[in-house]
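The sequence shown begins at 0 in numbering that gives the first Met the number 0 and counts up one residue at a time. Glycine included, every Cβ here is placed at the ideal spot set by N, Cα and C. Have a look at the structure below before the remarks.
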Amino acid sequence: MTSNETINGSTQFYDNDYVNCIFRDCGFAGHDLSKFNFESCEFVGCDLTMCKMENTVYSEVVFTDCKLQGVEFGKCSKYVFSVTFEKCHLNYVVFMKHNLKKIKFSHCSIREAFFAESDLTQAVFDNCDLDMTNFERCNLSGCDFRTSWNYIIFPSQNKLKKAKFAYPGVLGLLADLDIVVE
(Lines of atoms letter the chains of each structure in order from A and count residues from 1; the text may use other names and numbers.)
(Lines give C-alpha, C1' and ligand atoms only; values in the text may rest on other atoms or scores of the structure.)
Protein backbone atom coordinates (compact mmCIF):
# COMPACT_ATOMS: atom_id res chain seq x y z
CA MET A 1 0.00 0.00 0.00
CA THR A 2 1.18 3.50 -0.85
CA SER A 3 -0.05 6.28 1.43
CA ASN A 4 0.39 10.01 1.96
CA GLU A 5 2.52 10.56 -1.14
CA THR A 6 2.47 13.05 -3.98
CA ILE A 7 3.24 11.44 -7.32
CA ASN A 8 4.32 13.93 -10.01
CA GLY A 9 4.49 13.33 -13.76
CA SER A 10 4.49 9.56 -13.55
CA THR A 11 3.46 7.24 -16.37
CA GLN A 12 3.50 4.07 -14.26
CA PHE A 13 1.75 2.78 -11.17
CA TYR A 14 4.03 1.04 -8.69
CA ASP A 15 1.29 -0.29 -6.44
CA ASN A 16 -2.41 -1.06 -6.75
CA ASP A 17 -3.55 0.31 -3.38
CA TYR A 18 -3.32 4.06 -2.69
CA VAL A 19 -4.52 6.02 0.36
CA ASN A 20 -4.35 9.82 0.78
CA CYS A 21 -2.19 10.25 -2.33
CA ILE A 22 -2.06 13.07 -4.84
CA PHE A 23 -1.35 12.28 -8.49
CA ARG A 24 -0.24 15.40 -10.37
CA ASP A 25 0.27 15.70 -14.15
CA CYS A 26 0.50 11.94 -14.61
CA GLY A 27 0.02 10.21 -17.97
CA PHE A 28 -1.84 6.97 -17.40
CA ALA A 29 -3.83 6.82 -20.67
CA GLY A 30 -4.72 3.27 -21.65
CA HIS A 31 -3.50 1.69 -18.39
CA ASP A 32 -5.29 -1.27 -16.83
CA LEU A 33 -6.40 -0.11 -13.37
CA SER A 34 -8.60 -3.13 -12.75
CA LYS A 35 -8.86 -4.09 -9.08
CA PHE A 36 -6.92 -1.00 -7.97
CA ASN A 37 -8.03 0.78 -4.79
CA PHE A 38 -7.94 4.56 -4.41
CA GLU A 39 -9.05 5.97 -1.07
CA SER A 40 -9.10 9.70 -0.27
CA CYS A 41 -6.91 10.42 -3.31
CA GLU A 42 -6.73 13.36 -5.68
CA PHE A 43 -5.88 13.35 -9.38
CA VAL A 44 -4.83 16.77 -10.75
CA GLY A 45 -4.08 17.37 -14.44
CA CYS A 46 -3.83 13.65 -15.17
CA ASP A 47 -4.65 11.77 -18.37
CA LEU A 48 -6.64 8.59 -17.70
CA THR A 49 -8.15 8.35 -21.19
CA MET A 50 -9.39 4.87 -22.10
CA CYS A 51 -8.17 3.29 -18.85
CA LYS A 52 -9.61 -0.10 -18.02
CA MET A 53 -11.26 0.00 -14.59
CA GLU A 54 -12.88 -3.34 -13.85
CA ASN A 55 -13.74 -3.56 -10.12
CA THR A 56 -11.64 -0.48 -9.40
CA VAL A 57 -12.51 1.13 -6.06
CA TYR A 58 -12.76 4.92 -5.79
CA SER A 59 -13.58 6.09 -2.27
CA GLU A 60 -13.67 9.87 -1.71
CA VAL A 61 -11.61 10.59 -4.84
CA VAL A 62 -11.43 14.00 -6.53
CA PHE A 63 -10.48 14.44 -10.19
CA THR A 64 -9.49 18.01 -11.13
CA ASP A 65 -8.58 19.13 -14.66
CA CYS A 66 -8.23 15.50 -15.80
CA LYS A 67 -8.90 13.71 -19.09
CA LEU A 68 -11.01 10.59 -18.53
CA GLN A 69 -12.39 10.16 -22.04
CA GLY A 70 -13.85 6.80 -22.99
CA VAL A 71 -13.67 5.34 -19.48
CA GLU A 72 -16.31 2.75 -18.61
CA PHE A 73 -17.00 3.74 -15.02
CA GLY A 74 -19.84 1.22 -15.03
CA LYS A 75 -17.22 -1.50 -14.60
CA CYS A 76 -15.80 0.07 -11.41
CA SER A 77 -16.76 -1.34 -8.03
CA LYS A 78 -20.49 -0.99 -7.45
CA TYR A 79 -20.00 -1.16 -3.68
CA VAL A 80 -17.58 1.72 -3.18
CA PHE A 81 -17.70 4.56 -5.67
CA SER A 82 -17.60 8.14 -4.40
CA VAL A 83 -15.98 10.66 -6.71
CA THR A 84 -16.10 14.33 -7.64
CA PHE A 85 -15.16 15.72 -11.05
CA GLU A 86 -13.99 19.33 -11.49
CA LYS A 87 -12.97 20.80 -14.87
CA CYS A 88 -12.62 17.34 -16.38
CA HIS A 89 -13.03 15.96 -19.90
CA LEU A 90 -15.47 13.07 -19.55
CA ASN A 91 -16.46 12.68 -23.19
CA TYR A 92 -17.61 9.20 -24.26
CA VAL A 93 -17.68 7.84 -20.67
CA VAL A 94 -20.15 5.18 -19.53
CA PHE A 95 -21.88 4.99 -16.16
CA MET A 96 -24.05 1.88 -16.11
CA LYS A 97 -26.00 0.46 -13.16
CA HIS A 98 -24.21 2.67 -10.66
CA ASN A 99 -25.18 4.40 -7.44
CA LEU A 100 -24.16 7.97 -8.19
CA LYS A 101 -26.24 9.69 -5.50
CA LYS A 102 -25.01 13.23 -4.82
CA ILE A 103 -22.15 12.95 -7.32
CA LYS A 104 -20.84 16.34 -8.44
CA PHE A 105 -19.66 17.32 -11.90
CA SER A 106 -18.40 20.92 -12.01
CA HIS A 107 -17.29 22.75 -15.17
CA CYS A 108 -16.90 19.46 -17.08
CA SER A 109 -17.25 18.44 -20.70
CA ILE A 110 -19.48 15.34 -20.65
CA ARG A 111 -20.21 14.99 -24.35
CA GLU A 112 -21.60 11.83 -25.95
CA ALA A 113 -21.56 10.06 -22.58
CA PHE A 114 -23.98 7.32 -21.54
CA PHE A 115 -25.74 7.03 -18.18
CA ALA A 116 -27.95 3.93 -17.91
CA GLU A 117 -29.94 2.41 -15.08
CA SER A 118 -28.05 4.58 -12.58
CA ASP A 119 -29.23 6.41 -9.49
CA LEU A 120 -28.19 10.05 -9.81
CA THR A 121 -30.49 11.29 -7.04
CA GLN A 122 -29.43 14.82 -6.03
CA ALA A 123 -26.46 14.79 -8.42
CA VAL A 124 -25.15 18.20 -9.46
CA PHE A 125 -24.17 19.08 -13.02
CA ASP A 126 -22.66 22.55 -12.51
CA ASN A 127 -21.72 24.37 -15.72
CA CYS A 128 -21.34 21.18 -17.75
CA ASP A 129 -21.67 20.63 -21.49
CA LEU A 130 -23.83 17.52 -21.92
CA ASP A 131 -24.04 17.57 -25.72
CA MET A 132 -25.42 14.26 -27.05
CA THR A 133 -25.18 12.63 -23.61
CA ASN A 134 -27.82 9.97 -23.14
CA PHE A 135 -29.70 9.19 -19.92
CA GLU A 136 -31.64 5.91 -20.03
CA ARG A 137 -33.74 4.57 -17.16
CA CYS A 138 -31.95 6.74 -14.61
CA ASN A 139 -33.23 8.20 -11.37
CA LEU A 140 -32.57 11.92 -11.80
CA SER A 141 -34.75 12.96 -8.85
CA GLY A 142 -33.45 16.14 -7.27
CA CYS A 143 -30.68 16.49 -9.87
CA ASP A 144 -29.49 20.02 -10.53
CA PHE A 145 -29.04 20.84 -14.22
CA ARG A 146 -29.71 24.60 -13.86
CA THR A 147 -26.30 25.83 -15.05
CA SER A 148 -25.61 23.10 -17.62
CA TRP A 149 -26.51 23.01 -21.29
CA ASN A 150 -27.03 20.86 -24.39
CA TYR A 151 -28.76 18.07 -22.47
CA ILE A 152 -31.61 16.07 -23.95
CA ILE A 153 -33.44 14.04 -21.35
CA PHE A 154 -36.51 11.98 -22.14
CA PRO A 155 -38.93 12.28 -19.19
CA SER A 156 -40.66 9.08 -20.33
CA GLN A 157 -37.43 7.10 -19.71
CA ASN A 158 -36.15 8.72 -16.51
CA LYS A 159 -37.41 9.73 -13.06
CA LEU A 160 -37.25 13.51 -12.75
CA LYS A 161 -39.13 14.30 -9.52
CA LYS A 162 -37.92 17.63 -8.09
CA ALA A 163 -35.06 17.86 -10.62
CA LYS A 164 -33.94 21.45 -11.22
CA PHE A 165 -33.68 23.03 -14.64
CA ALA A 166 -33.34 26.55 -16.04
CA TYR A 167 -34.26 28.19 -19.33
CA PRO A 168 -33.14 27.63 -22.08
CA GLY A 169 -31.68 24.26 -21.08
CA VAL A 170 -35.07 22.99 -19.90
CA LEU A 171 -36.10 22.82 -23.56
CA GLY A 172 -33.99 19.66 -23.74
CA LEU A 173 -36.85 17.90 -21.94
CA LEU A 174 -39.13 18.52 -24.91
CA ALA A 175 -36.97 16.90 -27.60
CA ASP A 176 -39.00 13.69 -27.89
CA LEU A 177 -42.34 15.54 -28.19
CA ASP A 178 -41.86 16.69 -31.80
CA ILE A 179 -43.14 20.17 -31.02
CA VAL A 180 -42.07 23.68 -32.03
CA VAL A 181 -41.16 26.20 -29.33
CA GLU A 182 -40.86 29.81 -30.43
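With a threshold of 8 Å on Cβ separation, who are the neighbours of N7 within its own chain once the five nearest residues in sequence on each side are excluded? R23, D24, C25
Relative to the alpha-carbon of N19, which residue among M52, S9, A28, F37 has its alpha-carbon at the smallest distance? F37
Given a cut-off of 8 Å, decide if E116 and S81 are closer than it, judged by their beta-carbon atoms. no
Mapping DSSP to helix, strand and coil, what is D177? coil
Considering Cα atoms alone, identify which of M49, T63, H106, F62 is closest to E71. M49
Flag this pair as yes or no: are the beta carbons of H88 and K66 separated by less than 8 Å? yes
How far does the beta strand (DSSP E) with E53 in it extend, from its first residue to its last? That residue, E53, is in no beta strand (DSSP E); it is neither H nor E in DSSP.
Can you tell me which of the three DSSP states K160 falls into? coil
For the beta strand (DSSP E) containing D125, name the first residue and the last one. 123 to 125
What residue from N126, Q121, C127 has the CA that sits closest to L139's CA? Q121
Cα separation between V56 and S2? 15 Å
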